[in-house]
Amino acid sequence: EAQVTQNPRYLITVTGKKLTVTCSQNMNHEYMSWYRQDPGLGLRQIYYSMNVEVTDKGDVPEGYKVSRKEKRNFPLILESPSPNQTSLYFCASTLMAGAANEQFFGPGTRLTVL
Amino acid sequence: QKEVEQNSGPLSVPEGAIASLNCTYSDRGSQSFFWYRQYSGKSPELIMFIYSNGDKEDGRFTAQLNKASQYVSLLIRDSQPSDSATYLCAVGASGFKTIFGAGTRLFVKA
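Protein chains in written order, with this note's numbering: chain A, 859 to 972; chain B, 302 to 411.
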């Protein structure tokens with residue numbers, strides 16, 4: 859089954875404790891993104907990757923890191939989480955680089971930073 | 302700052318009516334436009350995409366694009382209670398970014 863998976867689905871952590879949210883897709887998609895979704899603000903793009911070893915900042919990259927060492931995986935790293943990073947996070951993938959294609963979303967990761 | 306604006310709603314329509322959802326965008330270089338539906342607690346899923354000025358129909362859904370006015374809309378005909386969700390407008394902005402609106406909540410009353 860074609861899908862985007864994220865883990866964990868729910869996470870409660872404390873300020874400053876490094877964490878990684880994994881994202882994997884099995885569709886051989888080139889383009890992958892991370893978004894956060896907050897009430898009233900919609901989906902905001904954190905980082906995106908056009909292919910292996912090619913990443914760039916979205917609109918809200920502060921406090922986040924990403925890497926793209928393999929085509930299928932695009933982990934999101936919070937080196938020192940803070941309460942303002944409490945949010946619902948979605949990973950998404952698209953067949954080709956460029957914003958002109960349908961994005962397939964993972965199930966979401968609900969993160970709470972205390 | 303590139304922006305995509307939507308009325309947050311909620312928009313309430315009776316079953317069988319036409320629901321009209323609207324979206325404006327600020328980046329004139331935008332080339333691709335999408336409507337996603339998001340049920341509560343779920344991830345967004347694509348309903349329609351449109352690239353050219355005019356109308357595009359798919360079943361009960363019609364997307365309308367007017368690049369001169371920087372306006373895109375989604376019409377849902379014969380609305381059903383199962384259409385109740387948040388509808389997200391997304392714009393493929395210049396470069397490789399995608400900008401989402403905050404979404405419009407739609408309620409279809411049985």
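C-beta atoms are modelled at their ideal positions from N, C-alpha and C, and glycine is treated no differently.
Check                                                                                                                                                                      : Outcome
Listing by chain order, which chain B residues have their CB less than 8 Å from the CB of Tyr868/A?                                                                        : Result: empty, since nearest Cβ-Cβ is about 12 Å, beyond 8 Å.
For Pro315/B, report the span of its beta strand (DSSP E) as first-last.                                                                                                   : Leu312 to Pro315
Tell me which residues of the segment 898-924 of chain A have at least one Cβ-Cβ distance to chain B shorter than 9 Å, keeping chain order.                                : Gly898, Leu899, Gly900, Leu901, Arg902, Gln903, Tyr906, Met908, Asp914, Gly916 and Asp917
Once DSSP output is grouped into helix, strand and coil, what is the label at Ser383/B?                                                                                    : helix
Taking 8 Å as the threshold (beta carbon to beta carbon), is Gly404/B in contact with chain A?                                                                             : yes
Please tell me whether Glu888/A has its Cβ less than 8 Å away from any Cβ of chain B.                                                                                      : no
Taking the alpha-carbon of Pro968/A as reference, which of Asp384/B, Gln381/B, Asn323/B and Gly342/B has the nearest alpha-carbon?                                         : The sequence given here places Arg at residue 968/A; Pro does not occur at that position. For the residues Asp384/B, Gln381/B, Asn323/B and Gly342/B, the minimum Cα distance to Arg968/A belongs to Gly342/B.
Could you check the C-alpha separation between Gln943/A and Asn865/A for me, to the nearest Å?                                                                             : 17 Å
So Gly393/B and Ser331/B are supposed to be a Cβ contact under 8 Å. How far apart are they, rounded?                                                                       : 6 Å
Between which two residues does the beta strand (DSSP E) containing Tyr889/A stretch?                                                                                      : Tyr889 to Asp896
Per the contact definition of three or more C-beta pairs closer than 8 Å, is the segment 914-930 of chain A in contact with the segment 865-876 of chain A?                : no
Counting only beta-carbon separations shorter than 8 Å, does Phe932/A have a partner in chain B?                                                                           : no
Helix, strand or coil, according to DSSP, for Asn323/B in the structure here?                                                                                              : strand
Look at the alpha carbon of Asn884/A and the alpha carbon of Ile904/A, and state the distance between them as a whole number of angstroms.                                 : 22 Å
In chain A, what lies closer than 8 Å to Leu389/B by C-beta?                                                                                                               : Gly900 and Leu901
Which bits of chain A does Leu347/B rub up against, with CB to CB less than 7 Å?                                                                                           : Glu960
Taking 8 Å as the CB-CB cut-off, is Gly857/A touching chain B?                                                                                                             : Outside the shown range of chain A, which is 859 to 972, sits residue 857/A, and nothing can be said about it.
Under a CB-based cut-off of 8 Å, is Phe350/B close to chain A?                                                                                                             : yes
For chain A, check one thing: does any of its Cβ atoms lie closer than 8 Å to the Cβ of Ser344/B?                                                                          : yes
Straight-line CA distance for Glu316/B to Ser380/B?                                                                                                                        : 5 Å
Can you list, in chain order, the residues of its chain whose CB lies under 6 Å from that of Pro941/A, leaving out five sequence neighbours each side?                     : Val971
Enumerate in chain order the residues of its own chain whose CB-to-CB distance from Asn323/B is below 6 Å, with the five nearest sequence positions on each side excluded. : Ser374
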